[in-house]
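Q:
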Amino acid sequence: MSTTVSHDIDRVPDAAELERYRAEAREWLAENMPPLDPRADPNQQTKEHVKDLARRLHSGGYSGICFPREVGGAGLTRSHHRVFCEEAADYELPIYLGTPGLSIIAPPIMEFGTEQQREHVAAMLRGERLFVQMMSEPTGGSDMAGALTRAERDGDVWVLNGSKIWSSGASRADWGLVLVRTDWSVPKHRGLSMLLLDLSLPGVTVNTIKMVDGSEEFCEEFFDDVQVPHECILGEPNDGWTVANRLLFHERQSVGGGSPYHFNRPKSARSSARGSDLVGIVGRNGREADPVARQLIGEAHANELVGRQLISRVSDAVASGVLPPIAGSLLRLNTGVTAMRRGSIALGLAGTEGATWEDGDDADHPADQFILRQASCIGGGTTEMQRNLISERLLGMPREPAADKDRPFNEVRRSRREENTR
Amino acid sequence: MQLHLDDDQSIFVDTTRRYLADTSDIATIRALAETERGFDADWWARGAELGWTSLLAPERMGGGGVSDDAVSDLALIAFERGRLIAPGPFASVNAVVAALATSDAHDDLLARLIAGTSVATLAASERGVRWPGPGVTTSLSTVGDAVEITGEKITVESAAVAEAFVVLAAGPEGDRLVVVPADADGVEIAPRRSPDLVRRFADVTFRDVRIGRDAVLELERSDLERVLDIATVLQLAETVGVLDRVLEFTIEWASDRYSFGRPLSSYQELKHRFADMTLWLEASKATVTEAAAAVTKQPEQAGQYVSAAASYVHEHGPELVQDCVQMHGGIGVTWEHDIHLYLRRVTLNSLTCGTVADHRERLASMILEGAGR
Numbered sequence: 001m002s003t004t005v006s007h008d009i010d011r012v013p014d015a016a017e018l019e020r021y022r023a024e025a026r027e028w029l030a031e032n033m034p035p036l037d038p039r040a041d042p043n044q045q046t047k048e049h050v051k052d053l054a055r056r057l058h059s060g061g062y063s064g065i066c067f068p069r070e071v072g073g074a075g076l077t078r079s080h081h082r083v084f085c086e087e088a089a090d091y092e093l094p095i096y097l098g099t100p101g102l103s104i105i106a107p108p109i110m111e112f113g114t115e116q117q118r119e120h121v122a123a124m125l126r127g128e129r130l131f132v133q134m135m136s137e138p139t140g141g142s143d144m145a146g147a148l149t150r151a152e153r154d155g156d157v158w159v160l161n162g163s164k165i166w167s168s169g170a171s172r173a174d175w176g177l178v179l180v181r182t183d184w185s186v187p188k189h190r191g192l193s194m195l196l197l198d199l200s201l202p203g204v205t206v207n208t209i210k211m212v213d214g215s216e217e218f219c220e221e222f223f224d225d226v227q228v229p230h231e232c233i234l235g236e237p238n239d240g241w242t243v244a245n246r247l248l249f250h251e252r253q254s255v256g257g258g259s260p261y262h263f264n265r266p267k268s269a270r271s272s273a274r275g276s277d278l279v280g281i282v283g284r285n286g287r288e289a290d291p292v293a294r295q296l297i298g299e300a301h302a303n304e305l306v307g308r309q310l311i312s313r314v315s316d317a318v319a320s321g322v323l324p325p326i327a328g329s330l331l332r333l334n335t336g337v338t339a340m341r342r343g344s345i346a347l348g349l350a351g352t353e354g355a356t357w358e359d360g361d362d363a364d365h366p367a368d369q370f371i372l373r374q375a376s377c378i379g380g381g382t383t384e385m386q387r388n389l390i391s392e393r394l395l396g397m398p399r400e401p402a403a404d405k406d407r408p409f410n411e412v413r414r415s416r417r418e419e420n421t422r
Numbered sequence: 423m424q425l426h427l428d429d430d431q432s433i434f435v436d437t438t439r440r441y442l443a444d445t446s447d448i449a450t451i452r453a454l455a456e457t458e459r460g461f462d463a464d465w466w467a468r469g470a471e472l473g474w475t476s477l478l479a480p481e482r483m484g485g486g487g488v489s490d491d492a493v494s495d496l497a498l499i500a501f502e503r504g505r506l507i508a509p510g511p512f513a514s515v516n517a518v519v520a521a522l523a524t525s526d527a528h529d530d531l532l533a534r535l536i537a538g539t540s541v542a543t544l545a546a547s548e549r550g551v552r553w554p555g556p557g558v559t560t561s562l563s564t565v566g567d568a569v570e571i572t573g574e575k576i577t578v579e580s581a582a583v584a585e586a587f588v589v590l591a592a593g594p595e596g597d598r599l600v601v602v603p604a605d606a607d608g609v610e611i612a613p614r615r616s617p618d619l620v621r622r623f624a625d626v627t628f629r630d631v632r633i634g635r636d637a638v639l640e641l642e643r644s645d646l647e648r649v650l651d652i653a654t655v656l657q658l659a660e661t662v663g664v665l666d667r668v669l670e671f672t673i674e675w676a677s678d679r680y681s682f683g684r685p686l687s688s689y690q691e692l693k694h695r696f697a698d699m700t701l702w703l704e705a706s707k708a709t710v711t712e713a714a715a716a717v718t719k720q721p722e723q724a725g726q727y728v729s730a731a732a733s734y735v736h737e738h739g740p741e742l743v744q745d746c747v748q749m750h751g752g753i754g755v756t757w758e759h760d761i762h763l764y765l766r767r768v769t770l771n772s773l774t775c776g777t778v779a780d781h782r783e784r785l786a787s788m789i790l791e792g793a794g795r
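Protein sequences, first through last, are from chains B and F. Its first residue numbered 1, the first sequence is counted upward by one per residue in this note's numbering. Its first residue numbered 423, the second sequence is counted upward by one per residue in this note's numbering.
Right under this line is the structure:
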């Protein structure tokens with residue numbers, strides 16, 4: 001977002017300035033924000049609760065620390081953001097405002113939006129509007145540019161039809177940022193647009209999806225002849241892929257942990273809850289002296305520390321131009337493989353004792369969490385997609401052959417059935 | 423390896439890079455494999471003139487970093503040495519210099535190490551003991567005005583040419599580092615072979631070796647671990663240099679080599695493995711850079727950072743090089759191809775300053791028992 005921000009978020013403030021900021025934040029947090037319930041799942045925050053938390057933060061000037069002042073941000077730096085997140089670790093934060101709203105959706109709005117559209121960012125920062133991005137479709141998760149949801153121009157409006165899936169928390173959102181096809185006569189990347197969509201418009205249906213752990217955070221949406229005003233196009237019509245790519249970049253930053261716009265999920269607090277805390281498992285099972293358990297504890301700790309160190313290195317390298325922005329894929333890949341390994345380690349440490357638990361014990365249980373383990377390598381772009389991006393765009397290796405490349409999208413085959421009938 | 427170097431560091435690294443490029447090409451390394459000591463004494467002394475052995479010495483002897491963090495400065499040199507798999511007991515000698523810098527009883531030896539006219543190396547590892555202890559069995563006892571050392575150390579680097587050893591031994595008041603001249607009565611050196619072609623090792627037995635009391639460096643366990651951490655982190659930086667070079671030439675190879683009419687680097691299976699290796703390398707650079715800095719800047723975290731880095735780098739490093747061997751196919755397992763020289767170095771390094779298991783155990787003891795600092 002450096003191209004659009006009027007201040008330098010990478011400026012390194014002097015230590016005294018940061019310590020002052022830290023002290024003020026600490027005092028402010030204690031007076032204004034509710035303390036964190038370590039057992040609470042941030043995904044369970046209701047819409048009104050997220051907005052209330054966001055309004056509180058905004059009143060203190062903390063909702064958009066790295067956003068420019070003209071949209072109501074504080075115009076400060078990554079360092080200030082980091083300090084605030086450290087101080088706020090024990091308080092409840094509007095997680096869902098930070099991700100996807102501020103860290104994934106707001107940056108492309110700042111970059112491509114008209115002055116009027118940037119008002120959405122100001123409204124997010126004030127806690128008045130929650131956003132969700134709607135990119136993936138039921139017909140294919142990774143091939144995002146193959147979107148089939150269509151918007152057709154009719155005078156001053158675009159008529160929207162189709163469906164989206166895997167938008168997290170859409171049931172809580174007021175607005176969406178939607179990838180749609182606006183021209184079918186050109187190759188796939190050139191016929192896309194991004195629409196800012198008011199989810200209260202007639203014809204929009206949002207349903208939740210029940211996941212294997214019983215959670216209902218993800219949603220699917222259906223659009224039936226939704227009339228969207230023309231001024232809701234973000235960026236140029238048919239240039240939506242450019243906007244989408246910036247959004248995906250910020251998504252990788254956010255998922256990988258390198259974003260200066262999100263609020264850290266309260267990891268330390270979550271992991272101290274029964275179950276996911278590895279040291280706690282070892283203690284409960286009386287395995288402190290077991291060499292195998294000790295090896296796993298050491299491995300998990302090293303992976304976690306190295307993951308944090310990788311985030312600061314890659315963020316620094318991208319900010320200073322040593323690595324191109326696509327290096328963010330390294331973070332996303334590492335987050336996935338590390339979480340996967342951690343899930344297996346937790347299961348191994350939990351052992352037979354972890355195979356069952358009392359009815360009504362709703363803490364995190366490694367054996368239960370294991371069932372959803374692969375989600376960490378799927379959501380936010382699969383690890384396979386990240387490996388493509390790293391090898392092709394960071395290492396410059398040849399791109400995967402694509403049968404739809406340079407073909408008008410309405411001539412591209414989309415299923416085996418079509419293959420047989422043509 | 424570090425993302426941002428200041429001007430002095432850039433000059434410092436460039437000088438070594440040029441020196442190594444001129445003197446340590448692969449043909450030279452292969453020729454050195456046939457020699458008894460594995461590195462040329464004059465070559466080492468000229469390296470010392472470039473600052474390879476002086477940065478951790480006390481200021482009164484001309485020591486001090488190029489930047490305000492001498493261990494990180496040396497890690498940069500170690501990285502460059504790794505890229506060219508340069509010979510010589512770099513990590514061990516620097517750890518010895520750091521140990522000797524805590525006393526003024528060994529200034530003569532220190533001066534020779536700084537000048538590069540002599541080497542002295544660490545004798546820390548023992549059979550059956552996890553790095554870096556506890557449980558060291560080599561004993562240190564007081565006998566009148568002298569001390570006596572008895573025990574057996576393994577994988578002591580350049581033992582045959584070392585002037586002295588800095589020995590990790592268990593004394594009545596805890597573990598200590600002791601400076602033992604190589605020619606003292608009762609010191610027996612038994613040369614061993616290792617996978618590396620140019621680095622030399624021996625088992626060293628100390629049989630009732632009697633030396634003066636000032637040979638004992640009065641370092642508490644935490645300061646003593648700092649010395650061992652310096653050896654570990656410099657060796658890690660060298661490994662990261664090796665990985666950097668191997669991945670570089672293997673990516674080149676995969677782009678140049680065609681099969682079935684297209685480059686190896688166009689096969690998705692191979693691309694994905696290159697992506698994983700790129701991640702391991704970048705993460706290794708991140709963690710070793712921070713571990714090196716922690717020794718000076720966050721001493722209370724240093725043990726944890728060094729062991730986390732060792733756990734990660736020694737897990738992924740040898741695998742990275744092995745996968746690069748696989749990418750080369752048959753040529754990769756021939757004596758003629760150079761990749762085995764790199765594999766030899768990372769394999770050796772993953773075993774000599776604590777293994778993956780040693781460092782994970784050390785992390786576990788810090789976490790579960792609050793051991794360390």
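Glycine included, C-beta positions come from ideal geometry on N, C-alpha and C.
Using a C-beta to C-beta distance shorter than 8 Å, which residues of chain B count as neighbours of residue 694(F)?
A: Translated into the one-based positions of the second sequence, residue 694(F) becomes position 272. The contacting residues are 384, 387, 388 and 391.
Q: Take every Cβ of the region 383-393 of chain B, pair it with every Cβ of the region 401-417 of chain B, and state whether three or more of those distances are shorter than 8 Å.
A: Flag = no, the region 383-393 of chain B and the region 401-417 of chain B do not touch.
Q: For residue 560(F), which of helix, strand or coil comes out of DSSP?
A: Counting from one through the second sequence, the residue named residue 560(F) turns up at place 138. Coil, per DSSP.
Q: Looking only at its own chain, which residues have a Cβ that is under 7 Å from the Cβ of residue 506(F), when we skip the five neighbours before and after it?
A: Mapped onto the second sequence, residue 506(F) falls at position 84. Excluding sequence neighbours, residue 506(F) sits near 442 and 446.
Q: For residue 441(F), does the three-state DSSP call read helix, strand or coil?
A: Taking the first residue of the second sequence as 1, we reach residue 441(F) at position 19. The answer is helix: DSSP assigns residue 441(F) an H, G or I state.
Q: Is residue 378(B) close to chain F? Criterion is C-beta to C-beta, closer than 8 Å.
A: Numbered from 1 along the first sequence, position 378 holds the residue referred to as residue 378(B). For residue 378(B), the answer is no, since every Cβ of chain F falls outside 8 Å of its Cβ.
Q: Indicate whether at least one CB of chain F lies closer than 8 Å to the CB of residue 260(B).
A: The residue given as residue 260(B) occupies position 260 in the first sequence. With 8 Å as the cut-off, residue 260(B) does not count as an interface residue toward chain F.
Q: Enumerated in chain order, which unbroken segments of the beta strand (DSSP E) with a length of 3 residues or greater are wholly contained in the region 622-661 of chain F?
A: Entirely contained in the region 622-661 of chain F, the beta strand (DSSP E) runs reaching 3 residues are, in chain order, 623-634.
Q: Which chain B residues sit within Cβ distance under 8 Å of residue 734(F)?
A: Residue 734(F) sits at position 312 when you count from the first residue of the second sequence. The contacting residues are 302, 303 and 306.
Q: Can the beta-carbon of residue 731(F) be found closer than 8 Å to that of residue 655(F)?
A: Here residue 731(F) refers to the residue found at position 309 of the second sequence. Here residue 655(F) refers to the residue found at position 233 of the second sequence. Result yes, Cβ atoms of residue 731(F) and residue 655(F) sit closer than 8 Å.
Q: Pairs of beta-carbons, one from the region 711-720 of chain F and one from the region 489-502 of chain F, closer than 8 Å: are there three or more?
A: Cβ pair count under 8 Å is three or more, so yes.
Q: Could you confirm whether any beta carbon from chain F is found closer than 8 Å to the beta carbon of residue 295(B)?
A: The sequence position of residue 295(B) within the first sequence is 295, counting from 1. At least one chain F Cβ lies under 8 Å of residue 295(B).
Q: Would you be able to state if there are at least three C-beta pairs under 8 Å between the region 298-309 of chain B and the region 226-241 of chain B?
A: Taking 8 Å as the limit for Cβ pairs, the verdict is that the region 298-309 of chain B does not touch the region 226-241 of chain B.
Q: List, in chain order, every chain B residue whose beta-carbon is nearer than 9 Å to that of residue 781(F).
A: Translated into the one-based positions of the second sequence, residue 781(F) becomes position 359. Here the neighbours are 298 and 302.
Q: Per DSSP, which one or two residues make a beta bridge with residue 131(B)?
A: Here the question's residue 131(B) lines up with position 131 in the first sequence. According to DSSP, which records beta bridges pairwise, residue 131(B) is partnered with 175(B).
Q: For residue 115(B), would you say it is in contact with chain F, using Cβ-to-Cβ distances shorter than 8 Å as the test?
A: Within the first sequence, numbered from 1, the residue matching residue 115(B) stands at position 115. Judged by the 8 Å Cβ criterion, residue 115(B) is not in contact with chain F.
Q: Is residue 602(F) closer than 8 Å to residue 586(F) when the C-beta atoms are compared?
A: Translated into the one-based positions of the second sequence, residue 586(F) becomes position 164. Translated into the one-based positions of the second sequence, residue 602(F) becomes position 180. Result yes, Cβ atoms of residue 586(F) and residue 602(F) sit closer than 8 Å.
Q: Would you please verify whether the beta carbon of residue 14(B) is less than 8 Å from any beta carbon of chain F?
A: Working through the first sequence from its first residue, we reach residue 14(B) at position 14. False, the Cβ-Cβ gap to chain F never drops below 8 Å.
Q: If you measure beta-carbon to beta-carbon, which residues of the region 704-719 of chain F are closer than 8 Å to chain B?
A: If the cut-off is 8 Å between Cβ atoms, the region 704-719 of chain F has 704, 705, 707, 708, 709, 711 and 712 near chain B.
Q: Counting only the same chain and skipping the five closest in sequence on each side, list residues whose C-beta sits under 6 Å from that of residue 473(B).
A: Coverage of chain B is limited to positions 1 through 422, which leaves residue 473(B) absent and any answer about it impossible.
Q: Considering only their Cβ atoms, is the gap separating residue 764(F) from residue 667(F) smaller than 8 Å?
A: Looking up residue 667(F) in the second sequence gives position 245. Looking up residue 764(F) in the second sequence gives position 342. For residue 667(F) and residue 764(F), yes; Cβs fall inside 8 Å.
Q: Let me know the alpha helix (DSSP H) ranges lying completely inside the region 200-280 of chain B, each 4 residues or longer, listed in chain order.
A: Listed in chain order, the complete alpha helix (DSSP H) runs (minimum 4 residues) inside the region 200-280 of chain B are 240-256 and 267-272.
Q: What in chain B is Cβ-close to residue 687(F), meaning under 7 Å?
A: Counting from 1 along the second sequence, the entry for residue 687(F) is found at position 265. Within 7 Å Cβ-Cβ: 397 and 398.
Q: Check whether the region 731-740 of chain F touches the region 776-783 of chain F, taking contact to mean three or more Cβ pairs, one atom from each stretch, closer than 8 Å.
A: Counting Cβ pairs under 8 Å, three or more are found: they touch.
Q: Which term fits residue 682(F), buried or exposed, when burial requires 16 or more other beta carbons within 10 angstroms of its beta carbon?
A: Locating residue 682(F) in the second sequence gives position 260, counting from the first residue. Burial call: exposed.
Q: Return helix, strand or coil for residue 76(B), following the three-state DSSP convention.
A: Position 76 of the first sequence holds residue 76(B). In the structure shown, residue 76(B) sits in coil (DSSP, three-state: anything other than H, G, I, E or B).
Q: Determine the DSSP secondary structure at residue 61(B), reduced to helix, strand or coil.
A: Residue mapping note: residue 61(B) aligns to position 61 of the first sequence, counting from 1. The answer is coil: DSSP assigns residue 61(B) none of H, G, I, E or B.
Q: Does DSSP put residue 314(B) in a helix, in a strand, or in coil?
A: If you number the first sequence from 1, residue 314(B) lands on position 314. Note: residue 314(B) maps to helix in three-state DSSP.
Q: For residue 783(F), which residues from the same chain have a beta carbon less than 6 Å from its beta carbon, with the 5 sequence-adjacent residues on both sides left out?
A: The sequence position of residue 783(F) within the second sequence is 361, counting from 1. Counting only Cβ-Cβ distances below 6 Å, and skipping sequence neighbours, we find 552.
Q: Whose CA, out of 192(B), 246(B), 7(B) and 133(B), lies closest to the CA of residue 238(B)?
A: The count along the first sequence starts at 1 and reaches residue 238(B) at position 238. Minimum Cα distance to residue 238(B) is reached at 192(B).
Q: Residue 320(B) versus chain F: which residues are under 8 Å apart at the beta carbon?
A: The residue you call residue 320(B) lines up with position 320 of the first sequence. Under the 8 Å cutoff, chain F gives 425 and 426.
Q: With the cut-off set at 8 Å, would you say residue 470(F) and residue 571(F) are in Cβ contact?
A: Taking the first residue of the second sequence as position 1, residue 470(F) is located at position 48. Taking the first residue of the second sequence as position 1, residue 571(F) is located at position 149. Not closer than 8 Å, so no.
Q: Could you name the residues of chain B that residue 650(F) contacts, counting a contact when the two beta carbons are closer than 9 Å?
A: Start at 1 with the first residue of the second sequence, and residue 650(F) comes out as number 228. Those within 9 Å of residue 650(F) in chain B number zero; the least Cβ separation is about 17 Å.
Q: Tell me whether the region 546-563 of chain F and the region 588-602 of chain F touch, counting them as touching only if at least three CB pairs, one residue from each stretch, are closer than 8 Å.
A: They touch, by the three-pair rule.
Q: If we cut at 8 Å on Cβ distances, does residue 314(B) have a partner in chain F?
A: Walking along the first sequence from the start, residue 314(B) turns up at place 314. It does: the Cβ of residue 314(B) has a partner Cβ on chain F nearer than 8 Å.
Q: According to DSSP, residue 603(F) sits in a beta bridge with which residue or residues?
A: Mapped onto the second sequence, residue 603(F) falls at position 181. Paired residue(s): 586(F).
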